[in-house]
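Student: Take this structure, written in structure tokens, and hold onto it; I'll ask about it next.
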Amino acid sequence: MNELIEFISQNMQMLYIVILMIFVGVEIIGHVPAVLHTPLMSGANAIHGVVIIGAILVLLGVNPENYLGQALGFVAVLLGTLNVVGGFVVTDRMLEMFKKKKQ
Amino acid sequence: MNYIFSLEFIYLIASMTYILGLKMLGKPGTARKGNLIAAGGMTLAILGTIFLYQGEVPTYIYALIGTAILIGTIIGWIIAKKVAMTKMPELVSLFNGMGGASAALIGLIEFEHYTGNTLSIATIVAGIIIGSISFSGSMIAWAKLNGTLNKPLRLPKYNLLNNLVIIGLILFAVYIAWSGTDSQLLLYVLFFVALAYGVLFVLPIGGADMPVVISLLNSFTGLAAALGGFLYGNMVMLTGGILVGSAGTILTFAMCDAMNRSLVSVIFGSFGSGGDSQAIEGASETMTGSIKKTTVSDAAILMNYSQRIIIVPGYGLAVAQAQHAIHELEQLLASKGIEVKYAIHPVAGRMPGHMNVLLAETNVDYDKLAEMEDVNPEFKNTDVVFVVGANDVVNPAAHTNPSSPIFGMPILEVENAKSIIINKRSMNPGYAGIENELFYNPKTSMLFGDAKSVIQSLISELKGM
Chain A
0 MNELIEFISQ
10 NMQMLYIVIL
20 MIFVGVEIIG
30 HVPAVLHTPL
40 MSGANAIHGV
50 VIIGAILVLL
60 GVNPENYLGQ
70 ALGFVAVLLG
80 TLNVVGGFVV
90 TDRMLEMFKK
100 KKQ
Chain B
0 MNYIFSLEFI
10 YLIASMTYIL
20 GLKMLGKPGT
30 ARKGNLIAAG
40 GMTLAILGTI
50 FLYQGEVPTY
60 IYALIGTAIL
70 IGTIIGWIIA
80 KKVAMTKMPE
90 LVSLFNGMGG
100 ASAALIGLIE
110 FEHYTGNTLS
120 IATIVAGIII
130 GSISFSGSMI
140 AWAKLNGTLN
150 KPLRLPKYNL
160 LNNLVIIGLI
170 LFAVYIAWSG
180 TDSQLLLYVL
190 FFVALAYGVL
200 FVLPIGGADM
210 PVVISLLNSF
220 TGLAAALGGF
230 LYGNMVMLTG
240 GILVGSAGTI
250 LTFAMCDAMN
260 RSLVSVIFGS
270 FGSGGDSQAI
280 EGASETMTGS
290 IKKTTVSDAA
300 ILMNYSQRII
310 IVPGYGLAVA
320 QAQHAIHELE
330 QLLASKGIEV
340 KYAIHPVAGR
350 MPGHMNVLLA
360 ETNVDYDKLA
370 EMEDVNPEFK
380 NTDVVFVVGA
390 NDVVNPAAHT
400 NPSSPIFGMP
410 ILEVENAKSI
420 IINKRSMNPG
430 YAGIENELFY
440 NPKTSMLFGD
450 AKSVIQSLIS
460 ELKGM
């Protein structure tokens, strides 16, 4: 229990961010037309590719003798990149069509 | 001065681009720019993480990271560019799974560095569980949308089994965090059980509910990324992850709303579980009336002498790649002075808005796409409704049959039109696996065949009139 209280007091800043971000996320999605639900989901999908930052940090900090760790880290960066690049490119492709229609 | 170029500042900018990008994605006019802004922020954050890292790193590690990013970029780019727009929902699912797997792998590697630190281990273990479920669940969702797995697969007592597995998983995770064990074996067991749970979780859910599942797993991956942010005290992972987690959850509820389904009934499967399945069987038994078949030339004549036609496109249209043909038909009819519109159900296709994207691809005029609420009162003044590859979204059972699994779902009330032409490949029930009494309606005529070739024959018939 003490550990938990200590943790909370040490990470107050992060907890603030978590709570504020929850509200930001809710507000942003609030009144989006159904037409844009699919591109929005796809865009959000690309953004959680931010997990790649963690994968890069793992590889940067991995013990040089930990070959399994390096292999898994390599795969993690690769998969994270797929998430980011694929996610943003496919969202752009969807939205490109919406734009054409307006002209 | 130095501070301005620091990593923290780059992360701050990246976090802002995610919020701004997501906000702009919500408006048709700014959506594309919003996506590019978020992508720019992501690139900045990735480059910053690599080049501003404080610490001794062997050169080959940089080579390793560079290679992984290069391969990932090439493969991701090619897949995203090559895959047909009709396959888009499963693509989102696939990429979502990749992110989940990445989060789980991070946890597997970092575990040994935090032994003894209960809260960090708890964060890691939670990341592994959520990431793995998101990965294996997304792969099953992908296979289902792909058609590889097209029937809901239910083990006996699957709800009980699934609940036992998830409770066991959580207890196991608590044990690992609390006991301070450094056993890699236990961690891998946890990893594989979580993977198995993802499979068990998605398998029993019907194909029609897949968009909701993908959206839910999308927010799971966001949460897994945020847990990584917590572990490293990394602000950009935290903001990006939580943002997607929360936005994804709201989006999930919005999709459930559009289908008049509660999230609980999606997950615990009210589609054909227990008493419901008997009700469905009972309902299908009563539908023994006769159906009326029609020919292309009869349908063409009917259309030619109409004043108002409404086209109801469904996923069948997309599968047959008939979106260009339907646009041509619509223009041809309009040139004969007939008023033509498209009625778009919010969940037509495999995802909300999917049909709009497909029709936009063919340059269909935006004004011709009518939303459900606007178009429903118009059906009674419509001469012909042409339903192409849609089924559940026009099933009157949603209004009339309380025992139907889709009872209460808002539908396009096409049965109010003067006549209805339904194009389907066969009499197979729709994605939700339920019979449709609309086919037996005396006003309905069935035009069997592949959507694309049927529409093309209609066009050539109409041109000759």
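Top to bottom, those sequences are chains A and B. For what it's worth, numbering that gives the first Met the number 0 labels the leading residue of the first sequence as 0, then goes sequentially. For what it's worth, numbering that gives the first Met the number 0 labels the leading residue of the second sequence as 0, then goes sequentially. Positions of the beta carbon are idealized from the N, C-alpha and C atoms, including for glycine.
1. Taking only beta-carbon atoms, is F438 (chain B) less than 7 Å away from chain A?
2. Could you tell me if Y187 (chain B) is buried or exposed, where buried requires 16 or more neighbouring beta carbons within 10 angstroms of its beta carbon?
3. Chain B beta carbons: is any one of them nearer than 7 Å to that of V89 (chain A)?
4. Measure from the alpha carbon of I16 (chain A) to the alpha carbon of each residue in B:G228, B:I421, B:A299 and B:T381, then state which is nearest.
5. Is any beta-carbon of chain A found at less than 7 Å from that of H353 (chain B)?
6. Indicate whether at least one CB of chain A lies closer than 7 Å to the CB of A172 (chain B).
7. State buried or exposed for F270 (chain B), treating a residue as buried only when at least 16 other CB atoms are found within 10 Å of its CB.
8. DSSP puts F369 (chain B) in a beta bridge; with which residues?
9. Quick one: which unbroken alpha helix (DSSP H) runs of 4-plus residues sit fully inside the stretch 26-77 of chain B? Chain order, please.
10. With a floor of 4 residues, list each alpha helix (DSSP H) that falls wholly inside the stretch 219-267 of chain B, ordered by position along the chain.
11. Going straight from the alpha carbon of G476 (chain B) to that of R307 (chain B), what length do you get?
12. As a quick exercise: from B:V413, B:I70 and B:N161, pick the residue whose alpha carbon is nearest that of I204 (chain B).
13. Using a C-beta to C-beta distance shorter than 7 Å, which residues of chain A count as neighbours of E360 (chain B)?
14. How many angstroms separate the CA atom of L67 (chain A) from the CA atom of S218 (chain B)?
15. Could you give the DSSP three-state label for M464 (chain B): helix, strand or coil?
16. Does the beta-carbon of M0 (chain A) have 16 or more other beta-carbons within 10 angstroms, so that it is buried, or is it exposed?
17. Distance check for L21 (chain B) and A253 (chain B), CA to CA, integer angstroms please.
18. Determine, using beta carbons only, whether A130 (chain B) and L216 (chain B) come nearer to each other than 7 Å.
19. Please list, in chain order, all residues of the same chain as I309 (chain B) whose beta carbon is under 6 Å from its beta carbon, the five residues on each side excluded.
20. Rounded C-beta distance between T90 (chain A) and N34 (chain B)? I'm assuming under 8 Å.
21. Looking at the unbroken beta strand (DSSP E) that takes in T293 (chain B), where does it start and where does it end?
22. Excluding the five sequence neighbours on either side, which residues of its own chain have a C-beta within less than 6 Å of the C-beta of Q69 (chain A), listed in chain order?
23. Can we say the stretch 39-51 of chain B touches the stretch 42-59 of chain A, given the rule of at least three CB pairs closer than 8 Å?
24. Can you tell me whether V413 (chain B) is helix, strand or coil according to DSSP?
25. Return the first residue and the last residue of the alpha helix (DSSP H) that L316 (chain B) is part of.
26. If you reduce the DSSP assignment to three classes, tell me which class M23 (chain B) lands in.
27. Less than 7 Å between the beta carbons of G126 (chain B) and A102 (chain B), yes or no?
28. Does V363 (chain B) come out as helix, strand or coil in the three-state DSSP assignment?
29. What is the DSSP secondary structure of T443 (chain B), counted as helix, strand or coil?
30. Along the chain, where does the beta strand (DSSP E) that runs through K423 (chain B) open and close?
31. How would you write the range of the beta strand (DSSP E) that V393 (chain B) sits in, first residue to last?
32. Could you tell me if G53 (chain A) is buried or exposed, where buried requires 16 or more neighbouring beta carbons within 10 angstroms of its beta carbon?
33. What's the gap between the Cα of S178 (chain B) and the Cα of E109 (chain B)?
34. Is the distance from the Cβ of M40 (chain A) to the Cβ of S133 (chain B) below 7 Å?
35. Kindly list the residues whose CB is nearer than 6 Å to the CB of L242 (chain B), restricted to its own chain and excluding five residues on each side of it in sequence; keep chain order.
36. Which word fits G72 (chain A), buried or exposed, when buried means at least 16 other C-beta atoms lie within 10 angstroms of its C-beta?
Tutor: Walking through what the data contain:
1. Taking Cβ atoms only, chain A never reaches closer than 7 Å to F438 (chain B), which makes this a no.
2. exposed
3. Chain B contact via Cβ: present.
4. B:G228
5. yes
6. no
7. Low local confidence applies: a pLDDT of 46 at F270 (chain B) is under 50, so the model's placement there is unreliable, and no value is given.
8. Reading off the sequence shown, one finds Ala at residue 369 (chain B), where the question assumed Phe. Paired residues: B:A342.
9. 30-50
10. 234-257 and 262-266
11. This structure gives no information on residue 476 (chain B), because the portion of chain B shown stretches from 0 to 464.
12. B:N161
13. M96
14. 29 Å
15. coil
16. exposed
17. 16 Å
18. Strictly speaking, residue 130 (chain B) in this sequence is Gly, with Ala absent from that position. Taking 7 Å as the Cβ cut-off, G130 (chain B) and L216 (chain B) do not qualify as a contacting pair.
19. The residues are K340, A342, T381 and V384.
20. 5 Å
21. Where T293 (chain B) is concerned, there is no enclosing beta strand (DSSP E), given that its DSSP letter is neither H nor E.
22. Excluding five sequence positions before and after Q69 (chain A), the CB atoms of its chain that fall closer than 6 Å to its own CB belong to V61, given in chain order.
23. yes
24. helix
25. L316 (chain B) -> alpha helix (DSSP H) spans Y314 to V318.
26. helix
27. Yes.
28. coil
29. strand
30. S418 to K423
31. First-last for V393 (chain B): undefined, no H or E at that position.
32. Answer is buried; the Cβ neighbour count reaches 16.
33. 17 Å
34. no
35. Y17
36. buried
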